[in-house]
Amino acid sequence: MSKKVSGKPGAVQNFGLGNPQFGTGDLRIGNQPLSDFPGAKATILRGPDPAWPANVDTIEGSGVLKGRAYTTRRSSAGTTRVDFDFIMRSFEIDRKSGKRRAIPRRVEIGWRRVGVREAWTRGEVTLKNPNAPADAYRRTIRVRLPAAATWQVRVRRFETASTADNEVDEISWTALRSFQPDTADYTGQTRVRLRLPASVRASGQLPVVHAIAHQPVPAGTTADAVPGATSNPAWIYLAFLRGQYIQGRLAWLLDSHISSDPISELD
Numbered sequence: 000m001s002k003k004v005s006g007k008p009g010a011v012q013n014f015g016l017g018n019p020q021f022g023t024g025d026l027r028i029g030n031q032p033l034s035d036f037p038g039a040k041a042t043i044l045r046g047p048d049p050a051w052p053a054n055v056d057t058i059e060g061s062g063v064l065k066g067r068a069y070t071t072r073r074s075s076a077g078t079t080r081v082d083f084d085f086i087m088r089s090f091e092i093d094r095k096s097g098k099r100r101a102i103p104r105r106v107e108i109g110w111r112r113v114g115v116r117e118a119w120t121r122g123e124v125t126l127k128n129p130n131a132p133a134d135a136y137r138r139t140i141r142v143r144l145p146a147a148a149t150w151q152v153r154v155r156r157f158e159t160a161s162t163a164d165n166e167v168d169e170i171s172w173t174a175l176r177s178f179q180p181d182t183a184d185y186t187g188q189t190r191v192r193l194r195l196p197a198s199v200r201a202s203g204q205l206p207v208v209h210a211i212a213h214q215p216v217p218a219g220t221t222a223d224a225v226p227g228a229t230s231n232p233a234w235i236y237l238a239f240l241r242g243q244y245i246q247g248r249l250a251w252l253l254d255s256h257i258s259s260d261p262i263s264e265l266d
């Protein structure tokens with residue numbers, strides 16, 4: 000099976016809010032709402048985050064790719080995603096004008112599980128510098144794998160490197176990164192995944208992000224009271240006595256030990 004794969008630039012941050020009843024009421028980058036930044040996105044998480052691995056292992060790639068022979072590497076155990084890092088310089092110089100023109104080059108990447116009889120899955124990647132042709136062009140290709148396993152991966156060029164005296168044709172596979180999923184227990188925690196496009200970052204630094212979190216509490220003494228926003232201290236006090244909500248209700252005090260009449264009088 001073959002498929003085309005691609006990589007997208009950006010950065011991901013995780014913020015812990017502590018209690019599973021929290022939600023984000025406002026997210027700002029500096030003094031501006033998150034909605035002012037195209038491509039920025041926030042997601043509330045109630046468990047592990049597939050986009051935030053527990054561990055990343057990095058090994059060297061093959062260096063410069065010249066011929067069409069495969070270079071093979073092996074991922075770490077339990078890997079569910081691999082990233083291929085490439086650096087390329089590829090252009091030709093016009094013999095009359097001296098102008099430089101970028102030349103796209105193709106590489107093939109492949110992957111299959113170790114210890115399982117299965118065919119290689121192959122992906123075709125086209126590398127082309129969209130800006131200055133003579134500058135080094137860096138590209139990361141991300142592949143999400145169908146199962147947690149040890150994976151064998153391979154890379155090769157589609158065409159042998161050019162030897163023309165008016166062309167530069169250099170492609171290097173610099174690194175392979177293996178990502179293992181997060182299997183930690185996040186019971187009792189709510190986190191916010193904030194995805195930021197590269198355009199939001201200044202000088203490679205991640206911006207300061209502010210979040211306002213809210214804690215809904217049941218507005219009433221009965222078991223069917225629906226959690227919601229309230230400024231009434233009675234319901235906030237009752238929620239504190241009953242305890243934190245973790246996969247249901249973890250009671251600090253049983254309802255039978257709480258006198259609801261004085262609390263109701265505060266309503």
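Position one of the sequence shown corresponds to residue 0 (numbering that gives the first Met the number 0), numbered consecutively onward. Even for Gly, the Cβ is constructed at its ideal location relative to N, Cα and C. These figures come from a predicted structure and were not determined experimentally.
Practice problem: Grab me the residues of Lys127's own chain with a C-beta within less than 7 Å of its C-beta, minus the 5 sequence neighbours each way, in chain order. | Solution: Ala101 and Pro103
Quiz item: Three or more C-beta pairs closer than 8 Å, one from the stretch 185–200 and one from the stretch 111–127: is that the case here?
Solution: no
Quiz item: Which stretch, first to last residue, makes up the beta strand (DSSP E) that contains Pro145?
Solution: Tyr136 to Ala148
Quiz item: Can you tell which of Ala238, Glu166 and Ile58 has the C-alpha that lies nearest to the C-alpha of Thr221?
Solution: With distances taken between Cα atoms, Thr221 lies closest to Ala238.
Quiz item: Expressed to the nearest angstrom, what Euclidean distance is found between the alpha-carbon atoms of Lys7 and Tyr136?
Solution: Low local confidence applies: a pLDDT of 45 at Lys7 is under 50, so the model's placement there is unreliable, and no value is given.
Self-check item: Ala210 and Leu26 closer than 9 Å at C-beta
Solution: yes
Exercise. In the DSSP assignment, find the beta strand (DSSP E) that holds Leu33 and state where it starts and stops.
Key: Per DSSP, Leu33 belongs to no beta strand (DSSP E) and is neither H nor E.
Quiz item: Which first and last residues belong to the beta strand (DSSP E) in which Trp172 is found?
Solution: Residue range Glu166 to Gln179 is occupied by the beta strand (DSSP E) that includes Trp172.
Quiz prompt | Alpha-carbon to alpha-carbon, Tyr69 and Val154 | solution = 5 Å
Exercise. Can you say whether Leu249 is buried or exposed, counting buried as having 16 or more other CB atoms within 10 angstroms of its CB?
Key: Low per-residue confidence applies at Leu249: pLDDT is 48, beneath 50, and the placement is therefore not dependable, though the value from the model is reported in the following sentence. Counting Cβ neighbours within 10 Å, Leu249 comes out exposed, since fewer than 16 surround it.
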